Amino acid sequence: MELYSVRILRTEEERILAKRLLYEVYVQEQGWIPPVGNPSNLKIAESVLGNILVDDYDSVSTQFGGFYGDRLVGVHRIITRFNGRLEVENYSQLPRFLQNDCHHELSRSAVDINFRKSPIFLLIVATEIRYLIGCGCKYAIGTATFPEPGNFFCKIGATRINFPEFKYYLLDQNLVSLIVLFLEQPENFRRLFTVVDKFKQKGKVKLIGDEIDL
Numbered sequence: 015m016e017l018y019s020v021r022i023l024r025t026e027e028e029r030i031l032a033k034r035l036l037y038e039v040y041v042q043e044q045g046w047i048p049p050v051g052n053p054s055n056l057k058i059a060e061s062v063l064g065n066i067l068v069d070d071y072d073s074v075s076t077q078f079g080g081f082y083g084d085r086l087v088g089v090h091r092i093i094t095r096f097n098g099r100l101e102v103e104n105y106s107q108l109p110r111f112l113q114n115d116c117h118h119e120l121s122r123s124a125v126d127i128n129f130r131k132s133p134i135f136l137l138i139v140a141t142e143i144r145y146l147i148g149c150g151c152k153y154a155i156g157t158a159t160f161p162e163p164g165n166f167f168c169k170i171g172a173t174r175i176n177f178p179e180f181k182y183y184l185l186d187q188n189l190v191s192l193i194v195l196f197l198e199q200p201e202n203f204r205r206l207f208t209v210v211d212k213f214k215q216k217g218k219v220k221l222i223g224d225e226i227d228l
């Protein structure tokens, strides 16, 4: 039986695979094309694996990959500031309490169409949260549409804050909300880690010794 695992993508080959998965989901599947001149410099580029999605924040990212056996089936990343800004700050202001104390943002999720009903994205997010807590971070921020996937993030410990919704691009169909991980309040994530522990007990998760413990 193949097992699920999550690890930081450290090699160039793995990171290209992640960018390829982003392209397959956003462009090939959803038909979305990055607007020319967007503030993130998000664009389609060529690679040895075919077209990929790249942006300026790749240079300040920690990319997490979710695997089923040896197959990369899900990706998400943590970024820090590029030219003094988190990515979301190119599109919306942050609340004052986050402007100075929030240095990490979660972004660019993609899951293989055949694994959308699997636990892989939950396992990726759990690994990212453990990583951020281990780094001593106070907050991390992200964005989400509601009801989904916003409600998913709130169920696993994120907080939707009372702040104006916005669109990344004028032609986007949906508004997004800011969601915050209050990382100094580990009780927020008790439900998430309990679910992950159950997957471990059932033998569905492969633990990797030199990586973040799920």
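Residue numbers 15 to 228, in my numbering, belong to the letters of the sequence shown in order.
Virtual Cβ for every residue (Gly too), placed ideally from N, Cα, C.
In this text, all values refer to a predicted model and were calculated from it rather than measured experimentally.
Using DSSP with H/G/I as helix, E/B as strand and the rest coil, what is residue i?
i: Thr157; result: strand
i: Arg110; result: helix
i: Ile127; result: helix
i: Lys169; result: helix
i: Leu195; result: strand
i: Glu60; result: strand
i: Asn104; result: helix
i: Ile66; result: strand
i: Val190; result: strand
I'd like the span of the alpha helix (DSSP H) that includes residue i, first residue to last.
i: Tyr145; result: Ile134 to Gly148
i: Val210; result: Arg204 to Gln215
i: Lys33; result: Glu26 to Tyr37
I'd like to know whether the C-beta atoms of residue i and residue j end up nearer to each other than 7 Å.
i: Val210; j: Tyr18; result: no
i: Phe78; j: Ile138; result: yes
i: Ala124; j: Leu36; result: yes
i: Cys129; j: Val89; result: The question names Cys, yet the displayed sequence has Phe at residue 129. Result no, Cβ atoms of Phe129 and Val89 do not sit closer than 7 Å.
i: Ser75; j: Arg91; result: yes
What is the rounded straight-line gap between the Cα of residue i and the Cα of residue j?
i: Tyr183; j: Gly217; result: 42 Å
i: Pro301; j: Gln107; result: Residue 301 cannot be examined here, being either before or after the span of the chain that is shown, 15 to 228.
i: Glu179; j: Cys149; result: 29 Å
i: Ser54; j: Asp69; result: 6 Å
i: Asp224; j: Leu185; result: Only weak support is given to the placement of Asp224: the predicted model assigns it a pLDDT of 42, under 50, and the value that follows is read from those uncertain coordinates. The alpha-carbon atoms of Asp224 and Leu185 are separated by roughly 43 Å.
i: Leu192; j: Phe111; result: 13 Å
For residue i and chain D, any beta-carbon pair shorter than 7 Å?
i: Leu108; result: No chain D appears in the structure shown, which is made up of a single protein chain.
For the beta strand (DSSP E) that contains residue i, what are its first and last residues?
i: Tyr18; result: Tyr18 to Ile22
Ordered list of beta strand (DSSP E) runs contained in the stretch 68–100, each at least 3 residues: The DSSP assignment places 75–82 and 85–93 as complete runs of the beta strand (DSSP E) inside the stretch 68–100, in order along the chain (cut-off: 3 residues).
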